[in-house]
Amino acid sequence: MPAGPGMTILEGLQYIREHLDATLAWRFSCRMGICGSCAVVINGRSGLACNTQILDISDSEIRLEPLANFPVIRDLVPDLGSMFDKHVRLRPYLIRADQDEIDASLGEFEQSPEQLLEFNQFSYCIKCGACMSACPTMAQDAAFFGPMPLTAAHRYNSDSRDQGFAERGRALDTGHAAAHCHYAGECSRVCPKGVDPGRAIQLMKRSLVMELLRLRKSADRTRLIEPPVAQNVDDESLRPPPFTAKHT
Amino acid sequence: MRSMLFWFLNIVAALVILVLLGLHLAEMHLSALWQYFTGAGPNPLDWEQVVARGNSTTMLASYILLLGAALFHGFYGVHNILVEALDGAKAQRAVGVLCWVAGLALFLVGTFVTVAFNGA
């Protein structure tokens, strides 16, 4: 099939369906590396079809396969259900003990830029499953949680607003969680968003061991602050200049 | 947290092995280099030296510590390999029990031999 500069694997797939094989099935949505739907294995390496350009691949032949470590529904469409089941089991959301605050928010939780940096990069995960496909531990042990759910758990464990460390710790204590990671690092290598799941899992191991040794910092590291209140701008110099339409 | 406890003990066992096995290697198999730093002494492989080490309580404790660390480290690895190779929670639990039984049995035998030699 013809390929020109800028043409992505996803566009190649669309070309194939339009001109060569109308039955070809694959999954896609946003076409701009945001939704994570179009993850496939491209010449043995997991990645997004929409942000991989055909001419960037040095091999003369391109072989596309569905994501490994998942059952295949059809052609390039994997069944990601097991990944999302594991994701849910690790409570990927903020857990608070103060139910009153959850039911009727009284303000905002203070968070410093340093506290934000502790989890910020892990929140870029788009749940495409590329890391799960590349993980050699997943290939051996289907019960292993895998890089994506573990990274999500660490993202919330490291959030200063979260109080769910113990609850997630109980869910993680299965023998198929962080301690079982071989640290091959493939997950970090293939992540299309630059998230480093390998690092997240190692940091999670450290925090779990620190918790075991009773050396971990208290989970509750934030406080409720008043929400910002809109203020009237009295200073004339701060007002924007009046808008005047010019007709030519 | 049991899985993390075992993982942490595995790391600790690795460090113990590194130190004790390193000392063993330096003293027994790199004796020229060892004696360069500690001063000339008798050949560590002489029978009298072997017996003296066997009768030393410090050495006895280090032998048992090394035995325990090596067994835990080894069986932790074997357990992980088998758990990955076998499907089913029952089989995986059975592997865990077998590893514990085999490890404890070998530890008891090894400790008995070491202690028995200590009094010889």
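For the record, the sequence lines run as chains A and B. Sequential numbering of the first sequence, starting at 1, is according to my numbering. Sequential numbering of the second sequence, starting at 1001, is according to my numbering. Backbone N, C-alpha and C define an ideal beta-carbon position, used for all residues, glycine too. These figures come from a predicted structure and were not determined experimentally.
(request) Label residue 1047 of chain B either buried or exposed according to how many other C-beta atoms from any shown protein chain fall within 10 Å of its C-beta, with 16 as the threshold for buried. (result) exposed
(request) Return yes when the Cβ of residue 128 of chain A is within less than 7 Å of the Cβ of residue 185 of chain A, no when it is not. (result) No. Outside cutoff.
(request) Pull up the distance between the alpha-carbon of residue 1100 of chain B and that of residue 107 of chain A, whole angstroms please. (result) Between residue 1100 of chain B and residue 107 of chain A, the C-alpha separation is close to 52 Å.
(request) Would you mind sorting residue 1084 of chain B into buried or exposed? The rule is 16 or more other CB atoms within 10 Å of its CB. (result) buried
(message) Could you compute how far the alpha carbon of residue 1045 of chain B sits from the alpha carbon of residue 1028 of chain B?
(response) Taking the straight line joining both Cα atoms gives about 7 Å.
(message) Using a Cβ distance threshold of 8 Å, determine whether the region 1094-1111 of chain B contacts the region 1057-1073 of chain B, with at least three qualifying pairs required.
(response) yes
(message) Using only CA atoms, which one of A:61, A:33, A:58 lies nearest to residue 49 of chain A?
(response) A:33
(request) Kindly indicate which three-state DSSP category residue 47 of chain A falls into: helix, strand or coil? (result) Three-state result, residue 47 of chain A: strand.
(request) At 7 Å on the CB atoms, spell out the chain A contacts of residue 1150 of chain B, in chain order. (result) Examination of residue 1150 of chain B is not possible in this model, given that chain B is present from 1001 through 1120 alone.
(message) Beta carbons nearer than 9 Å to chain B: which residues of the region 42-63 of chain A have them?
(response) none
(request) Mind checking which residues open and close the alpha helix (DSSP H) that includes residue 1011 of chain B? (result) Where residue 1011 of chain B is concerned, the enclosing alpha helix (DSSP H) stretches over 1002-1024.
(request) Tell me whether residue 112 of chain A is buried or exposed, calling it buried when 16 or more other Cβ atoms sit within 10 Å of its Cβ. (result) It is exposed - the Cβ of residue 112 of chain A has fewer than 16 other Cβ atoms within 10 Å.
(request) With residue 1083 of chain B as the anchor, note down where its alpha helix (DSSP H) starts and where it stops. (result) Residues 1057-1085.
(request) Please classify residue 1015 of chain B: is it buried, with 16 or more other beta-carbons within 10 angstroms of its beta-carbon, or exposed? (result) exposed
(request) Would you mind telling me which residues of chain B sit closer than 9 Å to residue 174 of chain A, beta carbon to beta carbon, in chain order? (result) 1003
(message) Taking the alpha-carbon of residue 16 of chain A as reference, which of A:70, A:90, A:75 has the nearest alpha-carbon?
(response) A:75
(message) Please return the same chain residues whose Cβ sits closer than 8 Å to the Cβ of residue 209 of chain A, not counting the five positions on each side in sequence.
(response) If we look at residue 209 of chain A and ignore the five residues flanking it on each side, it has no Cβ neighbours.
(request) Could you name the residues of chain B that residue 140 of chain A contacts, counting a contact when the two beta carbons are closer than 8 Å? (result) 1084, 1085
(request) Kindly indicate the opening and closing residues of the alpha helix (DSSP H) around residue 102 of chain A. (result) It spans 99-103 - the alpha helix (DSSP H) in which residue 102 of chain A sits, taken as one unbroken run.
(request) Could you tell me the distance, in whole angstroms, from the CA atom of residue 173 of chain A to the CA atom of residue 81 of chain A? (result) 21 Å
(request) Quickly, what does DSSP pair residue 8 of chain A with across the bridge? List them, please. (result) A:53
(message) Please state the DSSP three-state secondary structure of residue 64 of chain A.
(response) strand
(request) Consult DSSP for residue 241 of chain A and reduce its assignment to one of helix, strand or coil. (result) coil
(request) Determine the chain A residues that contact residue 1008 of chain B at a beta-carbon separation under 9 Å, and present them in chain order. (result) 179, 205, 208, 209, 212, 213
(message) Taking its Cβ as the centre, do 16 or more other Cβ atoms sit within 10 Å of residue 1076 of chain B, making it buried, or is it exposed?
(response) buried
(request) Out of A:244, A:25, A:96, A:19, point me to the one whose CA is closest to residue 72 of chain A's CA. (result) Ranking the options by Cα distance to residue 72 of chain A, first place goes to A:25.
(request) Step through the CB atoms of chain D and report whether any lies within less than 7 Å of the CB of residue 31 of chain A. (result) Considering every chain present, this structure includes no chain D. Its protein chains are A and B.
(request) Determine the DSSP secondary structure at residue 197 of chain A, reduced to helix, strand or coil. (result) In this structure, residue 197 of chain A counts as helix in the three-state DSSP scheme.
(message) With a threshold of 8 Å on Cβ separation, who are the neighbours of residue 1020 of chain B within its own chain once the five nearest residues in sequence on each side are excluded?
(response) 1062, 1065, 1066, 1069
(message) Only counting the same chain, and skipping five residues up and downstream in sequence, which positions put a Cβ closer than 6 Å to that of residue 1078 of chain B?
(response) none
(request) Less than 8 Å between the CB atoms is what I'm expecting for residue 40 of chain A and residue 65 of chain A, so what's the real figure, rounded? (result) 7 Å
(message) Less than 7 Å between the C-beta atoms of residue 201 of chain A and residue 179 of chain A, yes or no?
(response) no
(request) Could you check which residue in A:68, A:38, A:13 has the C-alpha nearest to that of residue 44 of chain A? (result) A:68
(message) Within the continuous beta strand (DSSP E) that includes residue 39 of chain A, where are the two ends?
(response) 39-42
(message) Would residue 162 of chain A and residue 95 of chain A qualify as a contact pair, given that the criterion is a beta-carbon distance under 7 Å?
(response) yes
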